[in-house]
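Protein chains in written order, with the numbering used here: chain A, 8 to 132; chain B, 4 to 24.
Structure record follows, encoded as C-alpha cells.
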Amino acid sequence: DSCIQFTRHASDVLLNLNRLRSRDILTDVTILVNRQQFRAHKTVLMACSGLFYTIFTDSLKCNLNAISLDPKVDPEGFAILLEFMYTSRLTLKESLIMAIMNTAIYLQMDHVVDTCHRFIKSSDP
Amino acid sequence: YEGVNTIKEMGRSIHEIPRQE
C-alpha cells in the first residue's frame, strides 16, 4: 500500500477559495466595517477567526448574511487580515501595524497577534 | 509580492477548531 501526499494541496485549495471570493461565488456573508463592505465565505472566516467561529456556531446568528463589526475596527486592518485568511500572507505596512494588531485582537486571531508583537519588538530600534 | 521583505513564519497561524464542543 502507498500513500501519495500532494505537498502543495493546502495552498492550492486556498488559492481556489480566494478565486471564488474574488468572483463572489458561494460567498455567504457580507462583513460591514464602518462604511466598507467585504464579501466572504463563513467557513473560511470561522476557520481563521475565533470571533467568527463563535458567531457562526451560535444557532441564532449562523444564518445571518450580514455582520457589522464594532466601529472601532479599522477597515484597512480588516482588509489585510481578510487577505491573510485567504492567502497566508500578512502585509505589514509600518503605518498600519497597530491597526492590524488591534483588529487581530478583536477578531481573536491570537497567533497573528503574537507574530505582530514579535515583529514590532524586533523592528524597534 | 516582489520586492517585499518576506519573513517566513513556521508557527501555527490560526486557531484549531475542536473536534466537538
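By construction, the Cβ of each residue, glycine as well, lies at the ideal position given by its N, Cα and C atoms.
Predicted model only: the values in this text are computed from it and were never measured.
For my contact list, residue i and residue j are in at a C-beta cut-off of 8 Å; report their separation, rounded to the angstrom.
{"i": "A:Thr98", "j": "A:Ile112", "result": "So it is not a contact: roughly 18 Å between Cβ atoms."}
{"i": "A:Ala47", "j": "A:Arg28", "result": "6 Å"}
Quick check on residue i - is its C-beta less than 8 Å from some C-beta in chain A?
{"i": "B:Gly14", "result": "yes"}
Looking at the unbroken beta strand (DSSP E) that takes in residue i, where does it start and where does it end?
{"i": "A:Thr37", "result": "36–40"}
{"i": "A:Arg46", "result": "43–47"}
{"i": "A:Ser75", "result": "73–75"}
Output, in chain order, the set of chain B residues within a Cβ distance shorter than 7 Å of residue i.
{"i": "A:Gly57", "result": "His18"}
Hey, out of the options, whose CA is closest to residue i's CA?
{"i": "A:Gln43", "options": "A:Met108, A:Asp77, A:Pro82, A:Met105", "result": "A:Pro82"}
{"i": "A:Thr50", "options": "A:Leu33, A:His118, A:Arg125", "result": "A:Leu33"}
{"i": "A:Asn70", "options": "A:Leu52, A:Val80, A:Val40, A:Val36", "result": "A:Val36"}
{"i": "A:Asp121", "options": "B:Ile17, B:Arg22, B:Val7", "result": "B:Ile17"}
Starting from the beta carbon of residue i, find every residue of chain B whose beta carbon is closer than 8 Å, and list them in chain order.
{"i": "A:Ser95", "result": "Ser16"}
{"i": "A:Met116", "result": "Ile17, His18"}
{"i": "A:Ala106", "result": "Within 8 Å Cβ-Cβ: nothing; A:Ala106 doesn't reach chain B, min ~18 Å."}
Is the Cβ of residue i closer than 8 Å to any Cβ of chain B?
{"i": "A:Thr122", "result": "yes"}
{"i": "A:Tyr113", "result": "no"}
Name, please, each residue of chain B whose Cβ falls closer than 9 Å to the Cβ of residue i.
{"i": "A:Ala54", "result": "Ile17, His18, Ile20"}
Could you give the first and the last residue of the continuous alpha helix (DSSP H) run that contains residue i?
{"i": "A:Asp19", "result": "16–29"}
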